[in-house]
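Chains as they are written, first to last, in the numbering used here: chain A, 1 to 229; chain B, 1001 to 1229.
Backbone N, C-alpha and C fix where the C-beta goes; we use that ideal spot for every residue, glycine too.
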DNA sequence: CTAATTCATTAGGCGCGCCTAAATATGGCG
DNA sequence: CGCCATATTTAGGCGCGCCTAATGAATTAG
Ligand SMILES: [Mn+2]
Ligand SMILES: [Mn+2]
Ligand SMILES: [Mn+2]
Ligand SMILES: [Mn+2]
């Protein structure tokens, strides 16, 4: 009755470490420190060290790890991290499109389910959704082969000039921020006119709303934009 | 990032014990022995004793347990078992109806996911499916309040007279059996004509198939029937 | 270039859910 | 009734993933 799980000796915890390393190492694939991982995962640094040693010394090592110099995903580790990320974002899209979840609730559910769905489930929802390329936050969904195009967007808080832009994506990490952004019409694809001198102040105009909008730093940090070309 | 899970201090393992006790105690709610649980769950008898003691001695005991006399669900335990069973059967229905799973694959996936979906997910798929009363095996889905009507069907192997019947439900426990039953047209709702003297021999005729069909005992044991009224 | 600070690892321990081997109840039978 | 086979529980241990406290390495400041 209790199903096997543990597909590849990959446990929920292992998957979460891999995903965190992927996210923290960034597009440049820089080494990730134990503390930053500990912060992100909400565990003690000692626990991280422990896990990294295990991941590095298994038969098929999932990370490259050197004492005191941080950690990097191995090829196998990156493959798995992208697989889980694909699950996550497909599930988010599915919850949003098919099950009518409010945007700010999809992340938490996906964070759990991503570890437990089968390859069949992944494939079936991908078909149902027409093999989507983006999740409802505007994040790119890795393809089956692990390929994922680089983001061309920048954080709103990195902006240095005024202008008109398009909301590329919003962070999925904080449901409350997300709800406030949505209330202000800031959702992926929305047109955004920045009318103040960033990055100290964010006075915005969104399409359809005449009143100017002053964005707190918290909220601005959760938004990525690209040119309105 | 790692979500809380452990909704009610109920772990995947605990849920599986509760479901197994529910299934084994039957409609009469008889006490369940350690060995039968160990068999069903695929664990050692000692592990069962261990778990039962824990379940019985928590603040809100999930079972009533007396050394050497087996175990019964408490009110709270039964509530939780039915909740998980509802998840299981709703998920099966969802996989079958919405994601076009083959019947014999829904059980394994549901067995995993039942422990990890949220109340919101449960509610959303129930709505999507129009609050179904039966899963694709023909099993009754417990209602939100835990109510579940008694089954009026009997195992095909309990049959003592010939006659024409309707397939009430098929067992979800063995994918291979299930596939063979389906290949023979034996699915919930199918009309079934029993032309031999049960329970030694099962020669059947199903609607639309002219050739008589001899069912092995394995297969017959996986089928429940009711009168064709 | 040493000293202080910060970061990371080691040491020791805990709860969970499982295991095997060794007791110990229980229930049926002679 | 007492003995035996079987069912069940106890005892002792293991891997996982986490924790705290103590130690050690690296980096920065003086
Ligand atoms: Mn997310
Ligand atoms: Mn996760
Ligand atoms: Mn099932
Ligand atoms: Mn299960």
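Asked	Found
Is there a Cβ of chain A sitting closer than 8 Å to that of residue 1086 of chain B, yes or no?	no
Roughly how many whole angstroms lie between the Cα atoms of residue 276 of chain A and residue 1135 of chain B?	No statement about residue 276 of chain A is possible, as the shown extent of chain A runs from 1 to 229 and does not include it.
If you measure from the beta carbon of residue 100 of chain A to each beta carbon in chain B, is any gap under 8 Å?	yes
Applying the 10 Å Cβ sphere with the 16-neighbour rule, what's the burial state of residue 1161 of chain B?	exposed
On the DSSP bridge list, what partners appear for residue 1169 of chain B?	B/1224
Determine whether the Cβ of residue 36 of chain A lies closer than 8 Å to any Cβ atom of chain B.	no
Tell me whether residue 1065 of chain B sits in a helix, a strand or coil according to DSSP, three-state version.	strand
So which residues of chain A does residue 1125 of chain B contact, with C-beta pairs closer than 9 Å?	99
For the putative contact between residue 213 of chain A and residue 205 of chain A, defined by C-beta atoms under 8 Å, what is the C-beta separation to the nearest angstrom?	7 Å
If you draw a straight line from the alpha carbon of residue 172 of chain A to that of residue 28 of chain A, how long is it in whole angstroms?	22 Å
Residues in its own chain within less than 8 Å of residue 1095 of chain B by CB, not counting five upstream and five downstream?	1101, 1105, 1106, 1109, 1110
So which residues of chain A does residue 1202 of chain B contact, with C-beta pairs closer than 9 Å?	Within chain A, no residue comes near residue 1202 of chain B; the closest Cβ sits about 27 Å away, beyond 9 Å.
Roughly how many angstroms lie between the CA atoms of residue 1081 of chain B and residue 31 of chain A, to the nearest whole one?	46 Å
Mind listing which residues have their beta carbon within less than 5 Å of any non-hydrogen atom of ligand 1? Chain order is fine.	A/107, A/172
For residue 1128 of chain B and residue 1167 of chain B, which I take to be in contact (beta-carbon distance under 8 Å), what is that distance rounded to the nearest angstrom?	Rounded, the Cβ-Cβ distance is 26 Å, inconsistent with contact.
Sort A/184, A/208, A/150, A/163 by Cα distance to residue 227 of chain A and report the nearest one.	A/163
So with Cβ pairs under 8 Å, would you call residue 1196 of chain B a contact of chain A?	no
Under 6 Å Cβ to Cβ from residue 1020 of chain B, same chain only, skipping five residues before and after it: list those, please.	1037, 1040, 1041
So, are the CB atoms of residue 1242 of chain B and residue 1074 of chain B less than 8 Å apart?	There is no way to answer for residue 1242 of chain B, as the model of chain B reaches only from 1001 to 1229.
Are residue 1089 of chain B and residue 1139 of chain B closer than 8 Å when you measure CB to CB?	yes
Does the beta-carbon of residue 207 of chain A have 16 or more other beta-carbons within 10 angstroms, so that it is buried, or is it exposed?	exposed
For residue 6 of chain A, would you say it is in contact with chain B, using Cβ-to-Cβ distances shorter than 8 Å as the test?	Because the pLDDT at residue 6 of chain A is just 45, under 50, the model does not fix this residue reliably, and the value given afterwards should be weighed accordingly. So, not an interface residue.
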